[in-house]
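Those letters in the first sequence? Residues -3 to 418, per our numbering, in order.
Note sheet for the following structure.
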Amino acid sequence: MLDIKQLRRRPDDFKRALGRRGLDAPLDEFIELDRKLREVIAESEEKKAWRNRASGEIAAARRAGIDATDKIKASRKLGEMIKALDLMARDIEKQLDDIVLELPNPPLDDVPDGADESGNVQVRAWGSPAGFDFKPRPHWEIGASLDIIDQERGSKVAESRFTLLKGAGARLERALINFFLNLHTTEHGYTELFPPILINSESMRGTGQLSKFAGQEMYKLRDDDLYLNPTAEVPVTNIYRDEILAEEDLPVYVTAYLPSFRREAGAAGRDTRGLIRQHQFNKVELVKFVRPETSSGELEALTLNAEEVLKRLELPFRTVSLCAGDLGFAAAKTYDLEVWLPSYSGYKEISSCSNFLDFQARRLNIRYRSGGGKPRFVHTLNGSGLAVGRTFAAIIENYQNEDGSVTVPEALKDYMGMERIG
RNA sequence: GGAGAGGUGGCAGAGUUGGUUGAAUGCGGCGGUCUCGAAAACCGUUGUGCCUCUACCCGGGGCACCGAGGGUUCGAAUCCCUCCCUCUCCGCCA
-3 MLDIKQLRRR
7 PDDFKRALGR
17 RGLDAPLDEF
27 IELDRKLREV
37 IAESEEKKAW
47 RNRASGEIAA
57 ARRAGIDATD
67 KIKASRKLGE
77 MIKALDLMAR
87 DIEKQLDDIV
97 LELPNPPLDD
107 VPDGADESGN
117 VQVRAWGSPA
127 GFDFKPRPHW
137 EIGASLDIID
147 QERGSKVAES
157 RFTLLKGAGA
167 RLERALINFF
177 LNLHTTEHGY
187 TELFPPILIN
197 SESMRGTGQL
207 SKFAGQEMYK
217 LRDDDLYLNP
227 TAEVPVTNIY
237 RDEILAEEDL
247 PVYVTAYLPS
257 FRREAGAAGR
267 DTRGLIRQHQ
277 FNKVELVKFV
287 RPETSSGELE
297 ALTLNAEEVL
307 KRLELPFRTV
317 SLCAGDLGFA
327 AAKTYDLEVW
337 LPSYSGYKEI
347 SSCSNFLDFQ
357 ARRLNIRYRS
367 GGGKPRFVHT
377 LNGSGLAVGR
387 TFAAIIENYQ
397 NEDGSVTVPE
407 ALKDYMGMER
417 IG
C-alpha cells in the first residue's frame, strides 16, 4: 500500500512513477475523494466534540438534580447527524481503498525501463552450460526411467500437476530442503521458521495475495476462512503484523521451508510436463525485516544468498534485473535468478528476490521504534532460496549421464548418501 | 466434540449498580537530583492512529481506540447480540 499522505502531497510524482509500469493511475479521482473524506470527517468530529461536551453537562445537571430534557433532545438529534456522516465517511473510505489497494509499488530509480520480460536486464551470469556429447533428455524422461518421478500416480492420488517422488527422488527432494536450510541458517545468519500451512484471509490480504486479480490463484478451504499457503512469504511476513519492533532487533533474517500450493489458473498448456509448474511444490523462502536506510544493500545481500545455493550445486545461472513493466505488484525492485535447463535450451526462473520498501509493511502495519521517537515502517524483502522442484529438475538435467544415470552434485553427496542415481 | 473461566496500556493488575476513567496501582522504560562512578532513594515523565492549526519537524486543539464487529443510550471498558482468540477440566487423537 502506498503512503496516502505522500500521494496527497505530490500526486504527479506517483503518476509518473506508476507510468513506468505502463499504468495510468486514477489519481485525480483519488485526490477528489480524499478531499471530500477529510471534509466529512472534520464535520463529524466537530459534532462529536459538541456531543461530548453536552454529555458532561447532562451528567452534571443530573447530579445537581436539574432537568436536562432539552439538552438530551438536542444531543439525540446530533447523534443522528453523526451517524449519517460516519456512514458517508465509510462509503468514501471504501472507494478510496478500492483505488489505493490496487495501486502497485512505484519502481525504484535503478530499475530498468521496459514494458515486459524482454526489457529485463542481465546483471551477471555464473558458470557455463555444459555441452553434452550425447543428446540430453528432459528431466521428466530421466525421472521416469529411473523411477524416481511418477507423474501418473501423482495424478491418480490428486490430479494433474501433482507428482509422486520415489526412492532417490524423494530422498533428493528432502536432501535439497535440508541443504538449503542448513546453508542459510549456519552460513548466512537466517533463523529457521516453520509456520502454519493454512493461512487466514487477513494474512493473505496483508501481503497482497488476495487482491482482486490475484485471488484466483489460491486454494481456499470450503468450511473455513483459510487458504493453502501459496508462498512462505505470506505466513512468514505476517508474523509481525500489527507489531512495533525494537530497533536493536533489526535486521531480522528468517528462512522457512514450506510446501506451496497454487491453482495455476490461466497457465493451461504451459510447462505441462515435469516438475516446473506444479500445484504443490516445495520452496525455501528467505525473508528480511530491515531499517529503511539499509534495504537497498539488503536486497543485494539476499540475492547473493540465493545465488550461493546455485554456486554450491555448480548449476549455471544468470541474474536479471526485472524491468518496470515486469515487476510484481508489491515489488519496488526485483532480481530473478534463472538456472540453465537443457530441456528448455535456456534459462528458467528459479528464484525471485524483491525489495518491497515499506509497501508491505504499511499494509501489514509492521513498524519499529527508532531511538525514543515515533514508530516507523520497516522495509521488507524476500526471495526464494530456492524453489525445490525446479532445482530438482535442474540437477537431473545438468548432471545426467549418457547411460541414463545422474551424478549427485558434490554438495549433496552427504545428504543423499550416494554418488549417483541409477 | 462436551463443560467452565477469561480477553484492559511494554508487562503485571484495578475498574462491570453506565456519567471529568485514556483508564488507579505496581514493575519496566526515559529524564533529573544525589554519587568519583554505580546501586539505592527521591522528583518528573512515559500508548497508538486519524483530523486540524502553524511552513515540514516541535507544539496546540479535536476525534477515536479497554480482543473484533454490530446494537441499546444524551452518554459504554462497563448493558445486549454475533464472531475470534486464550486458559482449565473431560473426551479423542499424532
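All residues carry an ideal CB built from backbone N, CA and C; glycine is no exception.
Item, Value
"Select from 135, 375, 351 and 407 the residue whose C-alpha is nearest the C-alpha of residue 361.", "375"
"Which word fits residue 387, buried or exposed, when buried means at least 16 other C-beta atoms lie within 10 angstroms of its C-beta?", "buried"
"Roughly how many whole angstroms lie between the Cα atoms of residue 96 and residue 25?", "11 Å"
"Kindly indicate which three-state DSSP category residue 404 falls into: helix, strand or coil?", "coil"
"Using 8 Å as the cut-off, can you tell me whether the stretch 260 to 270 makes contact with the stretch 160 to 169, which would need three or more C-beta pairs spanning the two stretches below that distance?", "no"
"Closer than 7 Å to a non-hydrogen atom of the ligand NAP - does that hold for the CB of residue 31?", "Inclusion of the ligand NAP in the displayed structure is not the case, the ligand content being empty and no account of it being possible."
"Residue ranges of each alpha helix (DSSP H) run of no fewer than 4 residues wholly in the stretch 205 to 240, ordered along the chain?", "229 to 233"
"With 16 as the cutoff for other CB atoms within 10 Å, does residue 77 come out buried or exposed?", "exposed"
"Could you say which of 141, 50, 383 and 81 lies nearest to residue 273 if we only look at CA atoms?", "383"
"Measure the Cβ-Cβ separation of residue 33 and residue 83 and say whether it is below 8 Å.", "no"
"With three or more C-beta pairs closer than 8 Å as the rule, is the stretch 304 to 315 touching the stretch 282 to 294?", "no"
"Using a threshold of 8 Å, state whether the C-beta atoms of residue 230 and residue 199 are closer than that.", "yes"
"Would you call residue 65 buried or exposed, if buried means 16 or more other Cβ atoms sit within 10 Å of its Cβ?", "exposed"
"Just to confirm, is the Cβ distance from residue 3 to residue 88 under 8 Å?", "no"
"Taking all protein chains shown into account, do 16 or more other C-beta atoms lie within 10 angstroms of the C-beta of residue 240, making it buried, or fewer, making it exposed?", "exposed"
"Output the boundary residues of the beta strand (DSSP E) element that contains residue 118.", "117 to 122"
"For the stretch 237 to 252 and the stretch 212 to 219, state whether three or more C-beta atom pairs, one from each stretch, are separated by less than 8 Å.", "no"
"Using CA coordinates, which residue listed in 31, 27, -1 and 101 is at the minimum distance from residue 352?", "101"
"Under a Cβ-count criterion, where at least 16 other Cβ atoms within 10 Å of its own Cβ denotes burial, should residue 48 be classed as buried or exposed?", "exposed"
"Taking the C-alpha atoms as reference points, what is the distance between residue 118 and residue 340?", "18 Å"
"Measure from the alpha carbon of residue 378 to the alpha carbon of each residue in 350, 167, 103 and 22, then state which is nearest.", "350"
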